[in-house]
Structures are given as C-alpha cells and as structure tokens.
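Heads up: the structure comes next, in structure tokens.
Numbering (the working numbering), first residue to last: 740 to 792.
The following block contains the structure:
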C-alpha cells in the first residue's frame, strides 16, 4: 500500500512538502484539505485496529 510506504519517509517529509504535493495533485485547496481529513480519519481507525490486536 502506498500510504504505508509514505510513513517510512515521515521523518524526512515536512508539512509544507506534503501540502505542496497535495496541491499539485488536487489543484484545489478545499480538496487537498478534504484529503487530509480523510487521511486523519483513516489513521485514527488504523490506530483503533492496532490497539485491538
């Protein structure tokens, strides 16, 4: 999964780099923010899953 690979580079990726990449991909601030919100929800659900293990 691509997101799992991204987490390996999390210590070297800045918030600005992530924001720029999202804007380059989406071309719209509202959509980029929506993508971040969706990622936040996914991460929260993944954390809950891991705590059940």
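Built from N, CA and C at the ideal position, the CB exists for glycine as well.
Rounded to the nearest whole angstrom, the C-alpha separation of residue 741 and residue 769 is 23 Å. DSSP places residue 744 in the helix class (H, G or I) of the three-state scheme. Annotated three-state conformation of residue 770 is helix, per DSSP. Contact between residue 771 and residue 762 is confirmed by a C-beta separation of about 5 Å, below the 8 Å threshold.
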